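Notes for the one structure printed next.
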Amino acid sequence: MAQTPAFPAAATAPILLFDSGVGGLSVLEALRGLRPDAPVIYAADNAGLPYGEKTEAEIAARVAGLLGRMTERLRPRLVCIACNTASTIALAMVRDVLEVPIVGTVPAIKPAAALTTTGVIGLLGTAATIRQGYVDRLEAEFARDKTLLRFAAPELVSAAEARLRGEPVDPAVFARAAAGLRDQPGGERIDTVVLACTHFPLVAAELGAAFGPGVRFVDGAAGIARRIASLTAGQAFARTAPDLALFTRDGPDLAALGPSLAARGLERVAVF
Ligand code: DGL
4 MAQTPAFPAA
14 ATAPILLFDS
24 GVGGLSVLEA
34 LRGLRPDAPV
44 IYAADNAGLP
54 YGEKTEAEIA
64 ARVAGLLGRM
74 TERLRPRLVC
84 IACNTASTIA
94 LAMVRDVLEV
104 PIVGTVPAIK
114 PAAALTTTGV
124 IGLLGTAATI
134 RQGYVDRLEA
144 EFARDKTLLR
154 FAAPELVSAA
164 EARLRGEPVD
174 PAVFARAAAG
184 LRDQPGGERI
194 DTVVLACTHF
204 PLVAAELGAA
214 FGPGVRFVDG
224 AAGIARRIAS
234 LTAGQAFART
244 APDLALFTRD
254 GPDLAALGPS
264 LAARGLERVA
274 VF
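Positions 4 to 275 (the numbering used here) are the ones given, in order, by the sequence shown.
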C-alpha cells in the first residue's frame, strides 16, 4: 500500500513514537535534537510490556492492532516503531496495512561492525529480538567477518523502567548483562556493544560502569532521528501545545514517570 499520505500533513500533525514502555524516549531525545519543533505523541503499550517475553504472534497482533487504532484516532504524519522487538517482528506487516510512513528500529550491527577493532561485537537485546532472522540477516550482511555474541537481558528493560520512575536499581543487574556477553567464548575481546533495545541507552551509564573501560556502545537512535527528519523534510511543523504521552494501561506508574516524561517535553499524560 502507498507509503505517502494523500494530503499534506497539517503543521500540527504529530509524529507518533511507539514502544512497549519508556524505551522509545531514547529515540525521542535524538529526534528533539534534530526537530525540536515537531509535535510528538509518545505511545507506550505498557499493558503489553515486556514485549521481549512474548511470542512473535502475540507481538505482531498487538503492534498491528494498536498502531491501526492509533493512526486512525491520532492522525500522525509519520509513525516510528521505537522498539527493536516490535520492529524486527512486525515492521513489514505494519507497513503493509497502514497508509502512513513507518520508520522502524534496526539493531545497529552495521555501525558496530565498522567501529570494532578487535572484531568481536556484543549485542544486548530482548529474548524475542535476539532470536529473530532479521538479526541473522544483519549479521550475515554487515558482520560476516566479525564475531557477534548475543545475550538477552530482559532485566535491563525493567531496570530502565524503574530508573525513569525514580527508583533505585541494583547494580548487579548491569553486572549480569555484562557477564552474559563477557563469559561467552571470545567475550573478553568485545570492544563494541550494540544496544539492540531502545530501553538500554537509558541505562548506558550504568552499563558502561559494568563493562568497564574500552567498550563502546552503539544504538540506533541517531539514525532513526535522521531518517524521520529526512522523511519529513520540507514539511511545516508547529508545536503549539505540550506533547502527549499515551499509555495503554492506567496505574500508579504513570504518576511516577511524570517527571521523566515532563523532562522530555511530554507534559500531558493520558490513557489510550
Ligand atoms: N524497548 C523494546 C525494544 O526496543 C523492548 C522492551 C520490551 O521487552 O518490551 O526491544
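Where a beta carbon is used, it is the ideal one built from N, C-alpha and C, also for glycine.
In this text, all values refer to a predicted model and were calculated from it rather than measured experimentally.
Residue i: CB within 7 Å of a non-hydrogen atom of the ligand DGL
i: Tyr54; result: yes
i: Ser161; result: no
i: Ser263; result: no
i: Asn87; result: yes
i: Cys83; result: no
i: Asp22; result: yes
i: Gly122; result: no
i: Thr58; result: no
i: Gly226; result: no
i: Thr108; result: yes
i: Gly237; result: no
i: Gly183; result: no
CB contact flag (residue i, residue j, <8 Å)
i: Phe154; j: Cys83; result: no
i: Leu101; j: Gly128; result: no
i: Val221; j: Thr195; result: yes
i: Asp246; j: Val43; result: yes
i: Thr150; j: Val176; result: no
i: Ile231; j: Leu34; result: yes
i: Leu37; j: Leu205; result: no
i: Phe275; j: Leu249; result: yes
Reduced DSSP category for residue i - H, G, I as helix; E, B as strand; rest coil
i: Asp99; result: helix
i: Leu52; result: coil
i: Val109; result: coil
i: Thr195; result: strand
i: Ala248; result: strand
i: Gly306; result: One cannot answer for residue 306 here, as it falls past the ends of the chain, which runs 4 to 275.
i: Leu94; result: helix
i: Ala63; result: helix
i: Leu234; result: helix
i: Ala241; result: coil
i: Gly128; result: strand
Uninterrupted beta strand (DSSP E) stretches inside the region 149–232 (no shorter than 3 residues)
150–155, 195–198, 219–221
Any beta strand (DSSP E) of 3 or more consecutive residues that is wholly inside the region 10–54:
18–22, 43–47
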